[in-house]
Amino acid sequence: REGAQQADGHHRDGEGADEGVAARKAARGRVGVERARRGEDGHLYGLRMGHGVRDEGPSTRCWYVTTGYLVRLAAAGAKSRGVVQSLTHLIIDECHEPLCMGSDDADESAMSSKRSSCAVRELLGIAHPDVASRPLLAQRGVFGLTGTPLLSSPARITELASLCAGTYVTGASNHWRTVERASGRDLFLRYHDAVPSRLYSAETVRAAQDFVRAATRRNVVEESVPSSTVLVPARLKQDSEYAALCATYPSVPLCPDADACDDAKWNRLALAAATAAERGAALKACVQRIHDAEPLAKVLVFAPTDGIEAAASAVAGLGLPTDVARPGEGQERAAELVLEFDEPPTELSVAQRKCRVLLLAYDDGAGLNLQHGCHHVILYAPLSSPPKDGERVIAAVGKEQQSIGRVRRAGQSSHVTIHRIVLEGPGGERTLDGLLHERNMDEALIKSATNTAE
247 REGAQQADGH HRDGEGADEG VAARKAARGR VGVERARRGE DGHLYGLRMG HGVRDEGPST
307 RCWYVTTGYL VRLAAAGAKS RGVVQSLTHL IIDECHEPLC MGSDDADESA MSSKRSSCAV
367 RELLGIAHPD VASRPLLAQR GVFGLTGTPL LSSPARITEL ASLCAGTYVT GASNHWRTVE
427 RASGRDLFLR YHDAVPSRLY SAETVRAAQD FVRAATRRNV VEESVPSSTV LVPARLKQDS
487 EYAALCATYP SVPLCPDADA CDDAKWNRLA LAAATAAERG AALKACVQRI HDAEPLAKVL
547 VFAPTDGIEA AASAVAGLGL PTDVARPGEG QERAAELVLE FDEPPTELSV AQRKCRVLLL
607 AYDDGAGLNL QHGCHHVILY APLSSPPKDG ERVIAAVGKE QQSIGRVRRA GQSSHVTIHR
667 IVLEGPGGER TLDGLLHERN MDEALIKSAT NTAE
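Per my numbering, the sequence shown starts with residue 247, numbered consecutively.
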């Protein structure tokens, strides 16, 4: 109980950790309840959080709860049995994520050694063949859900496979047992793990290996959804900052040589290209063409973090209802924007001046579902990385694919169009943009970034 209370203190249910996973989950919980209550059966929904926060009524039948609340129930043991067993279903979403973490852990793997965070396995009671001895029970069942997180390391993959009891994933550099043993929790696990039969062990290992083979296909867009790519030219002016910067580097033309250009010059050129004002006119023309063909269409725009303000200025000049989710802004507002934007567009929503264009940073695209309300994606500027750093090149390609996958994913019923704004020289010359788009669309690199190569 002491450990669970300590973990709950780390969680804080979003209090004081604005950028943590806990804050994001608490914000989404509040937004989810508010949206659910707008419907005809809104009186059925309530909210419970770990520090005594309750928002419910006598007719509540479905509760959004935070993991802080669940950890307290599990810590209470037998005292909480009546509370949990009165439920028909208990669903723990995003069960690949740590239960308890603060803002400094927001980007850490759940296998981080900083916190004991492999707790979902125990909370779900997977290691207990005797159902009655599991921490949380419900009449119909306890369910753990996980989608397609950014499985970018063996630790991440092993972390998900470790949800299978008795699993040992061969070949992974950070087996979960090694991490648990180092954390000092191994005695706890040994005490609770039942001794499985050989058949049970063999089946769980086989299932985990199958899972790992599938899970390593990270950042993969839904290939069954048809898509096409359109290159949108943005012509530089003669006195543009990008052209002036190239002029200060006598050995660097408008399109630098990836092998000859050093990283410092490359990064300065990439920043100048990403923030070029000429992209705004190209964005406006692109959105106008989309709405001329599809008056109800919504448009999703992605921009590099360094260029988000320039992109925001361009979006603001479109003359349409727009929203910008800036990195580091309130999680609750961002969750509300995303949920509303994913609603299918209608003539009524257009008349009500609801958001038609949503701008996000590439870094904020992970895990979002936007396939129901949108099928047009504009890449305001390509993701750059020094060409000699192979790992960062793969990461940039993977992040672009991940962003496209917010729309091109299961549930998309329309043809997806990816519009790439490409900066050109005053006379139509090739620039850094042309090089980056060509690189980021390379099939071999995409297979490496999504781990789909043979």
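Cβ coordinates follow ideal geometry from the N, Cα and C atoms, glycine included.
Residue j beta carbon less than 8 Å from that of residue i
| i | j | result |
| --- | --- | --- |
| residue 603 | residue 566 | yes |
| residue 612 | residue 648 | yes |
| residue 605 | residue 642 | no |
| residue 616 | residue 652 | yes |
| residue 563 | residue 600 | no |
| residue 488 | residue 510 | no |
| residue 482 | residue 672 | yes |
| residue 532 | residue 618 | no |
| residue 377 | residue 336 | no |
| residue 499 | residue 512 | no |
| residue 334 | residue 386 | yes |
| residue 339 | residue 391 | yes |
| residue 281 | residue 585 | yes |
| residue 514 | residue 626 | no |
| residue 521 | residue 558 | no |
Spatial distance of residue i from residue j (CA atoms)
| i | j | result |
| --- | --- | --- |
| residue 542 | residue 620 | 10 Å |
| residue 484 | residue 607 | 29 Å |
| residue 670 | residue 470 | 33 Å |
| residue 398 | residue 480 | Confidence at residue 398 is low in this model, with a pLDDT of 47, below 50, so its placement is unreliable and no value can be given for it. |
| residue 301 | residue 682 | 50 Å |
| residue 474 | residue 490 | 34 Å |
| residue 468 | residue 655 | 5 Å |
| residue 549 | residue 290 | 39 Å |
| residue 660 | residue 472 | 8 Å |
| residue 494 | residue 547 | 32 Å |
| residue 357 | residue 341 | Unreliable placement is indicated for residue 357, whose pLDDT of 37 sits below 50; the coordinate value is still reported in the next sentence. Each residue's Cα considered, the two are about 13 Å apart. |
| residue 696 | residue 636 | 14 Å |
| residue 295 | residue 609 | 28 Å |
| residue 380 | residue 316 | 13 Å |
| residue 685 | residue 287 | 50 Å |
| residue 283 | residue 445 | 47 Å |
| residue 712 | residue 568 | Lying before the first or after the last residue shown, residue 712 is absent from the chain, which here runs from 247 to 700. |
| residue 580 | residue 370 | 29 Å |
| residue 640 | residue 504 | 15 Å |
| residue 689 | residue 553 | 26 Å |
| residue 528 | residue 662 | 20 Å |
| residue 707 | residue 693 | Only positions 247 to 700 of the chain appear in this structure, which leaves residue 707 out of reach. |
| residue 588 | residue 658 | 11 Å |
| residue 311 | residue 285 | 19 Å |
| residue 573 | residue 598 | 27 Å |
| residue 638 | residue 332 | 50 Å |
| residue 687 | residue 299 | 48 Å |
Residue i - partner residues in DSSP beta bridges
| i | result |
| --- | --- |
| residue 338 | 390 |
| residue 604 | 546, 569 |
| residue 301 | 293 |
| residue 624 | 547, 665 |
| residue 701 | The question about residue 701 has no answer here: the residues shown for the chain are numbered 247 through 700. |
| residue 481 | 670 |
| residue 310 | 293 |
| residue 676 | 670 |
Option nearest residue i by Cα separation, candidates the options
| i | options | result |
| --- | --- | --- |
| residue 677 | 486, 387, 371, 369 | 486 |
| residue 297 | 313, 283, 672, 585 | 313 |
| residue 278 | 633, 578, 694 | 578 |
| residue 537 | 593, 293, 289 | 593 |
| residue 507 | 637, 633, 317 | 633 |
| residue 545 | 590, 684, 494 | 590 |
| residue 614 | 636, 650, 319 | 650 |
| residue 321 | 630, 339, 696, 382 | 382 |
| residue 596 | 285, 540, 384, 272 | 540 |
| residue 273 | 379, 575, 558 | 575 |
| residue 478 | 445, 315, 534 | 534 |
| residue 319 | 662, 384, 505 | 384 |
| residue 668 | 284, 476, 379, 631 | 476 |
| residue 680 | 588, 553, 630 | 630 |
| residue 276 | 309, 560, 644, 694 | 309 |
| residue 561 | 588, 523, 675 | 523 |
| residue 551 | 527, 645, 587, 492 | 645 |
| residue 492 | 675, 303, 304 | 675 |
At what residue ranges does the segment 514-577 contain a whole run of the beta strand (DSSP E), taking only runs of 3 or more?
545-549, 568-571
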